[in-house]
Amino acid sequence: MRSLTLGYATDNAAPITVRRRRWDARLLVPALVVVVVVVVALAAPLVSRYDPDEINPAVRVALPSRTHPLGTDEYGRDITSRLAYGARISMSVSLASVVIALTGGTLVGMSSGYFGGSLELVLMRLVDGLLSFPPILLALFVITFLGPSLVNVILVIGLLYTPRFARIAHGATLAVRETEYVMAAKAIGATHTRTLWRAVLPNIAAPLFVQTSLGLGQAILLEAGLSFLGLGAPPPAPSWGRMIEQSSRFMSLSPWPVLWPSAVVSTTVLALNLLGDAMRDALDPRLRGRA
Amino acid sequence: MRTYLARRLVIAGALLWVVASVVFFSIYLLPGDPAHTILGGMDANPTPEQLRAVRQKLGLDRPIAVRYLDWLGALARGDLGRSLITDRPVAADLATRLLRTLQLIVPAIAIATVAGIVAGVFAARRRGTILDPLASGATLLGFSIPVFVAGPILVYVFALWLRVLPSGGYTNLHEGPGRFLAHLVLPAVTLAAAPLATTMRMTRSALLEQLPQDYVRTARSKGLGEGGVLRRHVLRNAYLPVLTILGLQVGAMFAGSVIVEAIFNWPGMNTYLLQAIGVRDYPVIQAVVLVASAIFVSVNFLTDVGYAVLDPRIRYG
Numbered sequence: 037m038r039s040l041t042l043g044y045a046t047d048n049a050a051p052i053t054v055r056r057r058r059w060d061a062r063l064l065v066p067a068l069v070v071v072v073v074v075v076v077a078l079a080a081p082l083v084s085r086y087d088p089d090e091i092n093p094a095v096r097v098a099l100p101s102r103t104h105p106l107g108t109d110e111y112g113r114d115i116t117s118r119l120a121y122g123a124r125i126s127m128s129v130s131l132a133s134v135v136i137a138l139t140g141g142t143l144v145g146m147s148s149g150y151f152g153g154s155l156e157l158v159l160m161r162l163v164d165g166l167l168s169f170p171p172i173l174l175a176l177f178v179i180t181f182l183g184p185s186l187v188n189v190i191l192v193i194g195l196l197y198t199p200r201f202a203r204i205a206h207g208a209t210l211a212v213r214e215t216e217y218v219m220a221a222k223a224i225g226a227t228h229t230r231t232l233w234r235a236v237l238p239n240i241a242a243p244l245f246v247q248t249s250l251g252l253g254q255a256i257l258l259e260a261g262l263s264f265l266g267l268g269a270p271p272p273a274p275s276w277g278r279m280i281e282q283s284s285r286f287m288s289l290s291p292w293p294v295l296w297p298s299a300v301v302s303t304t305v306l307a308l309n310l311l312g313d314a315m316r317d318a319l320d321p322r323l324r325g326r327a
Numbered sequence: 254m255r256t257y258l259a260r261r262l263v264i265a266g267a268l269l270w271v272v273a274s275v276v277f278f279s280i281y282l283l284p285g286d287p288a289h290t291i292l293g294g295m296d297a298n299p300t301p302e303q304l305r306a307v308r309q310k311l312g313l314d315r316p317i318a319v320r321y322l323d324w325l326g327a328l329a330r331g332d333l334g335r336s337l338i339t340d341r342p343v344a345a346d347l348a349t350r351l352l353r354t355l356q357l358i359v360p361a362i363a364i365a366t367v368a369g370i371v372a373g374v375f376a377a378r379r380r381g382t383i384l385d386p387l388a389s390g391a392t393l394l395g396f397s398i399p400v401f402v403a404g405p406i407l408v409y410v411f412a413l414w415l416r417v418l419p420s421g422g423y424t425n426l427h428e429g430p431g432r433f434l435a436h437l438v439l440p441a442v443t444l445a446a447a448p449l450a451t452t453m454r455m456t457r458s459a460l461l462e463q464l465p466q467d468y469v470r471t472a473r474s475k476g477l478g479e480g481g482v483l484r485r486h487v488l489r490n491a492y493l494p495v496l497t498i499l500g501l502q503v504g505a506m507f508a509g510s511v512i513v514e515a516i517f518n519w520p521g522m523n524t525y526l527l528q529a530i531g532v533r534d535y536p537v538i539q540a541v542v543l544v545a546s547a548i549f550v551s552v553n554f555l556t557d558v559g560y561a562v563l564d565p566r567i568r569y570g
């Protein structure tokens, strides 16, 4: 995936044609998976009638049955229900943090690319600095000092992913800064705000959309990783990461309570990655067939 | 090349100084009185003596500017302070832990790099056959399956079900190389999976980039064997992007090792950090974050150096 961002023009890339492209399935299938996860998250109480935290010692580590479609975990909690409520956590954390990162990163990247000068120098150095550290380490450090809570997790992930959006917005802004339509906007006396909003932003939106899809997947992973380490949303919140961590201690009884949330996390992240890839190809046909 | 490297070195140094400062001032981010928080939160009732002791140990009783300079000075001497819990010097403990983390990461990097490059070359040279998309599909799985999913599944299959490998833990290398290796296999493979996928993908696309070029045809037509063409010409050119990614990979490895160490009970730097977080041992937390950051900054710097060595355009540019 990273290779794509390098964007080589090559002679073995597929020729650019005007005929209808065949990316529909590549876009629709992952989009459908994402929609299903969102619907399940929204309709969690309808998906399962069990309270996700309800402990029932009578049915500990039960296999899938009619009463518990995906079985129960080591406390007899209904796995379907925990997955559905866990989807709420995953979706809200990833969505909120990516909105923060997208907004902040676009503002930083677009203004530094547009205005240039020392503003650009300072901001982009900062971005480079933040990018050189792995998110999970920074997240661990910040969460240690702020304390684990859903809001803090959202803020931290949002902050950590801001530089990625900033760098993309910066590069795209540099590419459009000298175009005729930006010049024209300036020439007719548009304010900087208006030029950025009406001329620059719509033309740098495509790569930001792609990064949004990839960023959602990464945010889900980071949230799940943090809650796996016990530093995500505090218990008993049924986060996917915590479900895996807790049940993995009881795998000798049954692997299923680990496998279900594992499958759900992996599928959701895979879908978001594929969606990002498909969007990139759809928006930039030059890159088709690469990597 | 000298100006290029000098500039990189200055940037790396500045970055480290910023990190050290952030780590230093982070203690003042703690809500309320840090000494109170360390002694068990606001509900606990520490005696004034206890509070004074903690303040003194953290240096909170002295002016912040003095403390800051002391801290930077101590860092320069390699003194990372003492643990609040065990009162042992953090630097010594951290050195042991870091060595174990490296014992995990270095084999993982070797697996990811060698297997990734071999698989990438394999896929690129079989472009158009069914094997190429199969290999690419496998790497997509490698990307999307997070370590905290792959780890428990590997534990279940190899430790609980087949019972061929231990589910976690660590043996010192000199106490038993066989047992050390047995403990190493699962965590190292878990850690290597995603970077392997990235390396394979990068190698494949970089090769596809280079193979149709004129110099490849020239090398072939002067009678060089296919292996020689790849090693002497194609891979040298294809490696610039792969090298960047490799630098990023080492960072990703350290990041992944946080979770992998937790899964497999590997007593490395990250479990040291997680334990310290659990008991609010701030000097340890600060030290681990600082040392880990120093490692990342150095790796980034070395990547830049590697770039300069491999790419004459940068060397003479």
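If you read the sequences in order, they're chains A and B. Residue numbering for the first sequence follows my numbering, beginning at 37 and increasing consecutively. Residue numbering for the second sequence follows my numbering, beginning at 254 and increasing consecutively. Cβ atoms here follow ideal geometry from the backbone N, Cα and C, with glycine treated the same way.
Compute the distance between the beta-carbons of residue i and residue j, then report whether it is under 7 angstroms.
{"i": "A/Ala175", "j": "A/Val163", "result": "no"}
{"i": "B/Leu333", "j": "B/Val550", "result": "no"}
{"i": "B/Thr443", "j": "B/Phe433", "result": "no"}
{"i": "B/Gly521", "j": "B/Arg335", "result": "no"}
{"i": "A/Gln254", "j": "A/Phe201", "result": "no"}
{"i": "B/Phe401", "j": "A/Ile280", "result": "yes"}
{"i": "A/Ile256", "j": "A/Val305", "result": "yes"}
{"i": "A/Val301", "j": "B/Pro405", "result": "no"}
{"i": "A/Leu63", "j": "A/Ala314", "result": "yes"}
{"i": "B/Ala508", "j": "A/Pro170", "result": "yes"}
{"i": "A/Pro274", "j": "A/Pro100", "result": "no"}
{"i": "B/Leu357", "j": "B/Leu407", "result": "no"}
{"i": "A/Ser249", "j": "A/Val97", "result": "no"}
{"i": "B/Ser279", "j": "A/Phe181", "result": "yes"}
{"i": "A/Thr229", "j": "A/Ala221", "result": "no"}
Looking at C-alpha atoms only, which residue of the options is the closest neighbour of residue i?
{"i": "B/Arg320", "options": "B/His289, B/Phe277, B/Thr339", "result": "B/Phe277"}
{"i": "A/Ala299", "options": "A/Gln282, A/Gly277, A/Arg316", "result": "A/Gly277"}
{"i": "A/Gly266", "options": "A/Leu106, A/Leu257, A/Gln282", "result": "A/Gln282"}
{"i": "B/Val447", "options": "B/Ile516, B/Ser546, B/Ile364", "result": "In the sequence as presented, Val is not what sits at residue 447 of chain B; that position holds Ala. The shortest Cα separation from B/Ala447 among B/Ile516, B/Ser546, B/Ile364 belongs to B/Ile364."}
{"i": "B/Gly480", "options": "B/Val374, B/Ile280, B/Leu328, B/Asp323", "result": "B/Val374"}
{"i": "A/Leu262", "options": "A/Pro81, A/Ala314, A/Leu186, A/Pro243", "result": "A/Leu186"}
{"i": "A/Pro93", "options": "A/Lys222, A/Glu110, A/Pro170, A/Thr103", "result": "A/Glu110"}
{"i": "B/Thr524", "options": "B/Glu462, B/Gly421, B/Tyr492", "result": "B/Gly421"}
{"i": "B/Leu337", "options": "B/Val359, B/Leu418, B/Lys310, B/Leu496", "result": "B/Lys310"}
{"i": "B/His289", "options": "B/Gln463, B/Asn490, B/Tyr535", "result": "B/Tyr535"}
{"i": "B/Val359", "options": "B/Ala445, B/Arg380, B/Pro386", "result": "B/Ala445"}
{"i": "A/Gly268", "options": "A/Asp87, A/Leu155, A/Gly183", "result": "A/Gly183"}
{"i": "B/Val511", "options": "B/Leu351, B/Gly312, B/Gly390", "result": "B/Leu351"}
{"i": "B/Pro386", "options": "B/Val417, B/Ala376, B/Gly395", "result": "B/Ala376"}
{"i": "B/Ala515", "options": "B/Gly531, B/Gln502, B/Leu393, B/Leu283", "result": "B/Gly531"}
{"i": "A/Ile240", "options": "A/Gly107, A/Thr103, A/Thr215, A/Ala80", "result": "A/Thr215"}
{"i": "A/Leu119", "options": "A/Val65, A/Val129, A/Leu106", "result": "A/Leu106"}
{"i": "B/Leu502", "options": "B/Val542, B/Ala450, B/Glu462, B/Pro399", "result": "Correcting the residue type first, residue 502 of chain B is Gln in the shown sequence and not Leu. Looking at the Cα atoms, B/Ala450 is the closest of the given residues."}
Determine the burial state of residue i: buried for a count of at least 16 other Cβ atoms within 10 Å of its Cβ, exposed for fewer.
{"i": "B/Gly504", "result": "buried"}
{"i": "B/Ala327", "result": "exposed"}
{"i": "A/Gly225", "result": "exposed"}
{"i": "A/Asp60", "result": "exposed"}
{"i": "B/Leu322", "result": "exposed"}
{"i": "B/His436", "result": "buried"}
{"i": "B/Ile383", "result": "exposed"}
{"i": "B/Gly266", "result": "exposed"}
{"i": "B/Met506", "result": "buried"}
{"i": "A/Ser39", "result": "For A/Ser39, the pLDDT reaches just 35, beneath the cut-off of 50, and the residue's location in the model is therefore unreliable, leaving the point undetermined."}
{"i": "B/Ser274", "result": "exposed"}
{"i": "A/Gly153", "result": "exposed"}
{"i": "A/Met287", "result": "buried"}
{"i": "A/Pro51", "result": "Residue placement at A/Pro51 cannot be trusted, given a pLDDT of 45 that sits under 50; what the coordinates show is reported in the next sentence. Answer is exposed; the Cβ neighbour count stays below 16."}
{"i": "B/Gly429", "result": "exposed"}
{"i": "A/Gly43", "result": "Reliability fails at A/Gly43, whose pLDDT of 36 lies under 50, so the model's placement of it is uncertain and the value that follows must be treated cautiously. Exposed, by the Cβ-count rule."}
{"i": "B/Asp340", "result": "exposed"}
Subject >> Complete alpha helix (DSSP H) runs within the region 285-354 of chain B (minimum length 4 residues, chain order) >> reply: 287-291, 301-311, 317-329
Original post:
Along the chain, which unbroken stretches of the alpha helix (DSSP H) at least 4 residues long are found entirely within the region 175-250 of chain A?
Top reply: 186-213, 216-223
Original post:
Does the count of Cβ pairs from the region 144-153 of chain A and the region 294-313 of chain A closer than 8 angstroms reach three?
Top reply: no
Original post:
Are the region 72-92 of chain A and the region 113-124 of chain A in contact at 8 angstroms, needing three or more beta carbon pairs?
Top reply: yes
Original post:
Does the region 471-491 of chain B touch the region 133-147 of chain A, meaning 3 or more C-beta pairs lie closer than 8 angstroms?
Top reply: no
Original post:
So, do the region 556-563 of chain B and the region 255-271 of chain B have three or more beta carbon pairs nearer to each other than 8 angstroms?
Top reply: yes
Original post:
Can you find at least 3 beta carbon pairs, one from the region 447-464 of chain B and one from the region 366-373 of chain B, that sit closer than 8 angstroms?
Top reply: yes
Original post:
Does the region 342-358 of chain B touch the region 524-538 of chain B, meaning 3 or more C-beta pairs lie closer than 8 angstroms?
Top reply: yes
**OP:** Determine contact between the region 206-216 of chain A and the region 231-248 of chain A, defined as no fewer than three beta-carbon pairs at a distance below 8 angstroms.
**Re:** yes
**OP:** May I have a chain-ordered list of the alpha helix (DSSP H) segments no shorter than 4 residues that lie completely inside the region 71-159 of chain A?
**Re:** 80-83, 115-151
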